[in-house]
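Numbering (the numbering used here), first residue to last: 2 to 307. See structure below.
Quick look at the structure:
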């Protein structure tokens with residue numbers, strides 16, 4: 002079975018000399034939910050642009066479901082649905098028309114496109130807005146509209162570039178459920194996101210790209226197992242005394258305010274150990290939380306290290 006996406010030694014140098022990609026190697030198996038992570042300018046959008054034909058590569062090879070992007074361009078691109086960062090439809094066109102008209106680019110008859118558009122608009126909570134102009138939609142609804150449009154030709158590979166940017170938390174989580182259902186049904190999904198909590202929740206595998214190079218990739222659970230330190234924030238029942246505060250500082254505990262401290266635990270240290278140690282100092286913990294999700298900590302560690 003061919004990979005959903007195979008990228009070999011992909012390079013991109015722009016005419017002004019900027020090197021965007023320095024030889025990317027990447028394989029995304031069919032059925033995977035894959036995260037492509039990296040800071041702004043790392044090269045994520047350039048990779049996606051090359052796959053969908055918006056950017057010309059300098060060298061390298063790209064295959065989509067076994068179709069070479071250079072030799073079998075139409076089949077490769079017909080296998081992909083893309084949800085870009087920017088809204089790229091007419092805001093004066095009606096919601097249903099935006100989705101149905103997209104089907105025409107792939108030679109899909111209107112009689113097939115209409116029920117398919119209805120299915121996805123209903124699943125994405127947009128059916129009641131089908132006759133509204135796109136300009137009447139909220140930012141979150143416009144993003145969901147782009148997902149429906151990307152799915153109208155039933156691509157086996159769906160690529161989402163920051164799909165939940167500007168979407169409120171409740172709608173974002175609803176979108177997560179929908180994307181998980183798509184993936185469970187067999188569709189391969191590649192996601193770029195600034196919300197690393199999102200990647201940890203959705204993706205089985207990730208690649209972290211920095212300055213045009215992949216610096217780490219693999220299963221999320223395997224990458225997280227490499228973390229040496231995890232940072233927690235403890236909310237205390239009572240303010241710290243000055244004596245205890247000085248003592249905690251000696252152990253590398255950071256004070257956030259009079260009733261909040263931050264503590265980093267090594268790989269072999271547990272939360273229970275930390276709480277027992279605090280109790281010995283007569284410090285009672287009311288609640289605790291991760292300072293950042295684990296994938297975010299790993300991401301920050303890797304990009305700072307490079």
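Built from N, CA and C at the ideal position, the CB exists for glycine as well. Predicted, not measured: the structure shown is a model, and the values here were computed from it.
Backbone secondary structure at residue i - three-state DSSP
i           : result
residue 71  : coil
residue 208 : strand
residue 274 : helix
residue 49  : helix
residue 169 : coil
residue 13  : strand
residue 21  : strand
residue 243 : helix
residue 86  : coil
residue 122 : helix
residue 223 : helix
residue 232 : strand
residue 136 : helix
residue 285 : coil
residue 28  : strand
residue 237 : strand
residue 111 : helix
Endpoints, the alpha helix (DSSP H) within which residue i is located
i           : result
residue 104 : 96 to 105
residue 1   : Given that the chain is displayed from residue 2 to residue 307, the structure contains no residue 1 and the question cannot be resolved.
residue 258 : Per DSSP, residue 258 belongs to no alpha helix (DSSP H); it is in the beta strand (DSSP E), 255 to 258.
residue 64  : No alpha helix (DSSP H) contains residue 64, which is instead part of the beta strand (DSSP E) from 60 to 65.
residue 203 : 197 to 203
Residue i: first and last residue of the uninterrupted beta strand (DSSP E) it sits in
i           : result
residue 266 : 261 to 267
residue 162 : 158 to 162
residue 42  : Neither: residue 42 is in no beta strand (DSSP E) and is coded neither H nor E.
residue 194 : Unbroken run through residue 194: none, as it is neither H nor E.
residue 37  : 34 to 38
Beta-carbon proximity check, residue i vs residue j, cutoff 8 Å
i           : j           : result
residue 49  : residue 216 : no
residue 22  : residue 193 : no
residue 77  : residue 70  : yes
residue 145 : residue 167 : no
residue 256 : residue 270 : no
residue 61  : residue 9   : yes
residue 212 : residue 104 : no
residue 199 : residue 165 : yes
Contacting residues, own chain, Cβ-Cβ under 7 Å from residue i (five flanking each side not counted)
i           : result
residue 184 : 34 and 190
residue 143 : 88 and 135
residue 187 : 32
residue 162 : 46, 49, 84, 85, 86 and 193
residue 67  : 3
residue 53  : 78, 81 and 83
Inter-residue CB distance, residue i and residue j (contact presumed, cutoff 8 Å)
i           : j           : result
residue 151 : residue 122 : Incorrect: roughly 13 Å between the Cβ atoms, too far for contact.
residue 181 : residue 203 : 7 Å
residue 261 : residue 237 : 7 Å
residue 265 : residue 232 : 5 Å
residue 11  : residue 25  : 4 Å
residue 101 : residue 112 : So it is not a contact: roughly 11 Å between Cβ atoms.
residue 296 : residue 201 : 4 Å
residue 141 : residue 115 : At roughly 25 Å, the Cβ-Cβ gap does not stay under 8 Å, so residue 141 and residue 115 are not in contact.
residue 226 : residue 241 : The Cβ separation is near 34 Å, so there is no contact.
Proximal residues to residue i (C-beta, below 6 Å), its chain only, five neighbours per side dropped
i          : result
residue 30 : 4
residue 13 : 21, 22, 47, 58 and 59
Proximal residues to residue i (C-beta, below 8 Å), its chain only, five neighbours per side dropped
i           : result
residue 95  : 131, 132, 133, 134 and 135
residue 91  : 99 and 135
residue 300 : 38, 197 and 209
residue 205 : 33, 34, 35, 220 and 221
residue 175 : 126
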